[in-house]
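Visitor: The structure that follows is given in the form of structure tokens.
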Amino acid sequence: MGVSTSLDTNGTRGTGLAQELIRDWDAHLAHEKRRSEHTRRAYIATAERFCGFLSRHRGGGVDARMLKSLTPNDLRAYLADRRAEGLGNASAARELSALRGFLRFVGGSGASVPQMRGPRVKKGLPRPVSPAEALALAQDVEDNAREGWVGARDFALLLLLYGAGLRIGEALSLTGAVLPLGETLRVTGKRGKTRIVPILPAVASAVSRYVAACPYPIAKETPIFLGARGGPLQPGVVRASVRSARRALGLPERTTPHALRHSFATHLLAGGADLRSLQELLGHASLASTQVYTAVDAAHLLDIYRNAHPRA
Numbered sequence: 053m054g055v056s057t058s059l060d061t062n063g064t065r066g067t068g069l070a071q072e073l074i075r076d077w078d079a080h081l082a083h084e085k086r087r088s089e090h091t092r093r094a095y096i097a098t099a100e101r102f103c104g105f106l107s108r109h110r111g112g113g114v115d116a117r118m119l120k121s122l123t124p125n126d127l128r129a130y131l132a133d134r135r136a137e138g139l140g141n142a143s144a145a146r147e148l149s150a151l152r153g154f155l156r157f158v159g160g161s162g163a164s165v166p167q168m169r170g171p172r173v174k175k176g177l178p179r180p181v182s183p184a185e186a187l188a189l190a191q192d193v194e195d196n197a198r199e200g201w202v203g204a205r206d207f208a209l210l211l212l213l214y215g216a217g218l219r220i221g222e223a224l225s226l227t228g229a230v231l232p233l234g235e236t237l238r239v240t241g242k243r244g245k246t247r248i249v250p251i252l253p254a255v256a257s258a259v260s261r262y263v264a265a266c267p268y269p270i271a272k273e274t275p276i277f278l279g280a281r282g283g284p285l286q287p288g289v290v291r292a293s294v295r296s297a298r299r300a301l302g303l304p305e306r307t308t309p310h311a312l313r314h315s316f317a318t319h320l321l322a323g324g325a326d327l328r329s330l331q332e333l334l335g336h337a338s339l340a341s342t343q344v345y346t347a348v349d350a351a352h353l354l355d356i357y358r359n360a361h362p363r364a
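The working numbering numbers the first residue of the sequence shown as 53 and each following residue consecutively.
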């Protein structure tokens, strides 16, 4: 099922030509590039905003001919418009990257895409939470759930993120076919890439406890983690529970479901794991994506030094 393309290019309803181009790009992203639905939704939203801007900036309908005639000045004007709305450097850089992909698709093979330097983005380091904080977070989420089985579900899910390094989308896509959990789990990550991750007994036990408490049947083809009405659990529900728990515990804003994955990686590295093994466990396509954790670990050690050393 494609991502919605309710394009608004003139304040009311988008032109059919632009909608068709965006719909074709969505299909290309899904079937040829194998992008996740989350990524596709973000890319499509960017393309829709861009086409809406062009209809005002240049006037008239947006079609392939117009898109092929764009110059760097058009891209600069769009980014300036977005920056006026409060878009930050990192988000602007992501939008520019998405637009280049869209214009390459529209132009076809060998097409010339307007070149311009993107905004400079200072690369931030993910900051890990401690094992005690991760467990306290999961327990608080469970304790404050409206129903016991919902609490068991959220506790098991958060332990999967921290104990196995899963992305939240990966955990929510698991089906009953993987039950009961054994010592390892096959996970399908970004772009359909699969990997094998070890499962700690405590994680397997938490998932088993949730499955036993769940009031809905979990078939082999249905998701393990279900919402209050029996449908697939939505990531926004989990994020909202984590927000409430971190406020109650006085944990920093950085304590998010994805931060649990960062913490899994950092703690493994601190415990002696090598980068190649960590790359496999995290499902990174490139070692460069994993190498950021060497800086994370150094930053974590520096925090400990500053807080504990008498002369720091």
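C-beta: ideal position from N, C-alpha, C; glycine also.
Along the chain, where does the beta strand (DSSP E) that runs through L237 open and close?
Guide: T236 to T240 is the span of the beta strand (DSSP E), which, as asked, contains L237.
Visitor: Quick check: what's the CA-CA separation for A132 versus G138?
Guide: About 10 Å.
Visitor: Between A322 and G288, what straight-line distance do the alpha-carbon atoms span, to the nearest angstrom?
Guide: With a pLDDT of 49 at A322, under the threshold of 50, the predicted position of this residue should be treated as unreliable, though the coordinate-derived value follows. Answer to the nearest angstrom: the Cα atoms are 31 Å apart.
Visitor: With a threshold of 8 Å, are at least 3 pairs of Cβ atoms found where one atom belongs to the stretch 247-256 and the other to the stretch 286-301?
Guide: Short answer: they don't touch.
Visitor: Under the three-state reduction of DSSP, which class applies to L155: helix, strand or coil?
Guide: Helix.
Visitor: Rounded C-beta distance between A70 and V114? I'm assuming under 8 Å.
Guide: So it is a contact: roughly 4 Å between Cβ atoms.
Visitor: If contact is defined by three or more beta carbon pairs under 8 Å, each pair taking one atom from either stretch, is the stretch 146-164 in contact with the stretch 109-126?
Guide: Touching, yes, given that three or more Cβ pairs across the two stretches are closer than 8 Å.
Visitor: Go ahead and pull the three-state DSSP assignment for P250.
Guide: The answer is strand: DSSP assigns P250 an E or B state.
Visitor: Report yes if the CB atom of T98 is closer than 8 Å to the CB atom of A136, and no otherwise.
Guide: No, the Cβ-Cβ distance between T98 and A136 is not below 8 Å.
Visitor: Rounded to whole angstroms, what's the CA-CA distance from V239 to L278? Just pull it up for me.
Guide: Distance between the alpha carbons of V239 and L278 is about 18 Å.
Visitor: Taking the alpha carbon of W201 as the reference point, which residue from G283, R261 and R146 has its own alpha carbon closest?
Guide: Here the closest residue by C-alpha is R261.
Visitor: Using a Cβ-Cβ cut-off of 7 Å (strictly less than) and excluding sequence neighbours within five positions of K272, which residues of its own chain qualify?
Guide: Around K272: T227, G228 and A229.
Visitor: Out of G221, L237, A79 and R128, which has the shortest C-alpha to C-alpha gap to F105?
Guide: Comparing Cα-Cα distances from F105 to each of G221, L237, A79 and R128, the minimum goes to R128.
Visitor: Hey, L303 and E185 are a contact pair by Cβ (cut 8 Å); roughly how many whole angstroms apart?
Guide: Yes, L303 and E185 are in contact; Cβ-Cβ is about 6 Å, under 8 Å.
Visitor: Starting from L212, trace the alpha helix (DSSP H) both ways and give me its first and last residue.
Guide: G200 to A216 is the extent of the alpha helix (DSSP H) around L212.
Visitor: Alpha carbon to alpha carbon, what distance is there between E100 and T236?
Guide: T236 and E100: Cα-Cα distance of roughly 42 Å.
Visitor: Can you give the beta carbon distance from A280 to A208, rounded, assuming they're within the 8 Å contact cut?
Guide: That pair is no contact at about 16 Å.
Visitor: Alpha carbon to alpha carbon, what distance is there between R93 and P267?
Guide: Going by the C-alpha atoms only, they are around 32 Å apart.
Visitor: I'd like to check one pair, L213 with P275: are the Cβ atoms closer than 8 Å?
Guide: Their beta carbons are not under 8 Å apart, which means P275 does not touch L213 by this criterion.
Visitor: Tell me, which residues are paired with L131 by DSSP?
Guide: Bridge partners of L131: none, in fact.
Visitor: Near V165, what residues of its chain come up, given a Cβ to Cβ distance below 6 Å and the 5 sequence neighbours on each side ignored?
Guide: Cβ within range, chain order: R152, L155 and R156.
Visitor: If you compare alpha carbons, which of V263, D206, A79 and P232 is closest to I220?
Guide: When each option's Cα is compared against that of I220, the closest is D206.
Visitor: Measuring only the C-alpha atoms, how far is V181 from R313?
Guide: If I take the Cα positions, the gap works out to 10 Å.
Visitor: What would DSSP say about L69, mapped onto helix, strand or coil?
Guide: Three-state result, L69: helix.
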